[in-house]
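Read through the structure below, which is laid out as C-alpha cells, and then see the notes.
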Amino acid sequence: MNIVSAVDQLRLPAAVLWDMDGTLVDSDRFWADAEQQLYMQYAPDQSSAAGNSIPPDVSRALEGASLSECARVLRESGVNLPAWEIIEQLVSAAEASLTSQPIPWADGALDLLRKLAALHIDSVLVTGSPMRIVRHVLAAAPAETFGPDNVFAITGNSPLPAKPAPDRYLAAACMAQADIRDCVIFEDSSTGLASALAAGAGAVYALTALTRSPAKADARYQCIQDFRGIAVQALLR
C-alpha cells in the first residue's frame, strides 16, 4: 500500500448510518400525504380553518417525529382517533404509496451505496418507520449494502428512545461493529441532526429537494445538496 492509499484508507468511515425518509428515499411525501388526508378527514373543522391543510406549526412538529409522537401531535391538533388507529392509518397509507412504484431513491444514493459496499463499509438504516415499511427498502437495496444479508436497520419498532436521543444511532454503530466516532450519519431534519450530533458521529445534513423544513447551516455538520459524486474519503473530516 502506498502512502496516498494508506492516508485515504484512514479517512474512510467505519460505517455509514442513514436516516431513511426524506434522506435516502423520497418517502417523506408519502407520510406527509397520509398525515394530510387523516387531518382533513378527522379534523374537518380545523382543516377548513387552515385552508384544508395542516397548519405550519403542526407540520413542523411532525417532521422527523416518531410514529407515537406523530399520533400525539395529530390528536392534539384535532384528529379524533385513538393513537393506535392514527398510526395504523399512517403506516398503511405510506406503505401503499411506497409499494405502488419502484423505490424512489434520492439522487445519487444508489451509487453511493454501491461505493460503500465495494469498500466493505456497512450501511445501517436508522428510521422511525416500522419494519413493515423498511423491509421494502432493504429488499430493493444493492446486495451486501446493509450488512451481509441486507438486514442492518434500527426501525420504529425498536424499544430504544427515538430521535433526538442518540440511542438508536449508538445501537446502529454497534450493529456494524464500528466506533460511533468513526461513523458518518446522513440526516435531513433538525430532530435527526440533534440525534446524530448527540451520538458523536460525523453528521452530514442532506439539504436536498426532499427536505421538508430546512434547518440552518451549522459548523458542526457538513451540508450536501444530493449524493451525486460524493467521495467516500471526504465524508469524515
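Per the working numbering, the sequence shown runs over residues 1125 to 1361. Yeah, the Cβ is synthetic: ideal placement off N, Cα and C, and Gly gets one too.
Is it right to say residue i is buried, meaning 16 or more other beta carbons lie within 10 angstroms of its own, or is it exposed?
i	result
N1274	buried
E1311	buried
L1243	exposed
Q1133	Unreliable positioning characterises Q1133 in this predicted model, as indicated by a pLDDT of 48, which lies under 50. The coordinate reading is nonetheless provided below. Exposed: under 16 other Cβ atoms inside 10 Å.
T1315	buried
S1319	buried
E1159	buried
T1223	exposed
D1169	exposed
S1216	exposed
Starting from residue i and walking both ways along the beta strand (DSSP E), at which residues does that stretch end?
i	result
Q1346	1346-1348
E1311	1307-1311
L1249	1246-1250
L1148	First-last for L1148: undefined, no H or E at that position.
Among the options, whose alpha-carbon lies nearest the alpha-carbon of residue i?
i	options	result
A1241	P1137, I1304, V1250, L1191	P1137
S1086	A1217, C1298, P1285	The structure shown does not extend to residue 1086, since the chain spans only 1125 to 1361, so no value can be given for it.
D1342	W1155, G1326, P1266, V1197	G1326
A1156	V1140, L1186, W1142	L1186
A1235	L1360, I1354, R1361	Reading the sequence as shown, one finds Asp at residue 1235 and not Ala. That would be I1354, whose Cα lies nearest to the Cα of D1235.
S1221	D1152, P1206, R1135, A1297	D1152
A1218	P1283, M1255, V1328	M1255
N1281	L1162, G1188, S1192	S1192
L1205	F1154, A1330, Y1163, I1309	Y1163
A1297	A1323, S1313, P1179, A1207	A1323
T1279	P1272, R1259, P1266	R1259
A1139	S1247, A1207, Q1165	S1247
To the nearest whole angstrom, what separates the beta carbons of residue i and residue j, a pair I think is in contact under 8 Å?
i	j	result
F1374	A1277	Coverage of the chain is limited to positions 1125 through 1361, which leaves residue 1374 absent and any answer about it impossible.
L1360	R1344	The pair is not a contact, with the Cβ atoms about 14 Å apart (cut-off 8 Å).
M1144	L1249	5 Å
V1328	K1239	That belief does not hold up - the Cβ atoms of V1328 and K1239 are roughly 15 Å apart, past 8 Å.
R1202	R1352	For the sequence presented, residue 1202 should be read as Gly rather than Arg. So it is not a contact: roughly 41 Å between Cβ atoms.
Within the continuous alpha helix (DSSP H) that includes residue i, where are the two ends?
i	result
W1208	1207-1222
V1275	Careful: V1275 lies outside any alpha helix (DSSP H) and carries neither H nor E.
A1318	1314-1323
V1328	Note, V1328: premise wrong, no alpha helix (DSSP H); beta strand (DSSP E) at 1326-1330.
For the 8 Å Cβ check, are there 3 or more pairs between the region 1226-1240 and the region 1288-1296?
Below 8 Å, too few C-beta pairs join the region 1226-1240 and the region 1288-1296 to call them touching: fewer than three.
The region 1302-1318 touching the region 1211-1220, judged by at least three CB pairs closer than 8 Å:
These segments do not touch.
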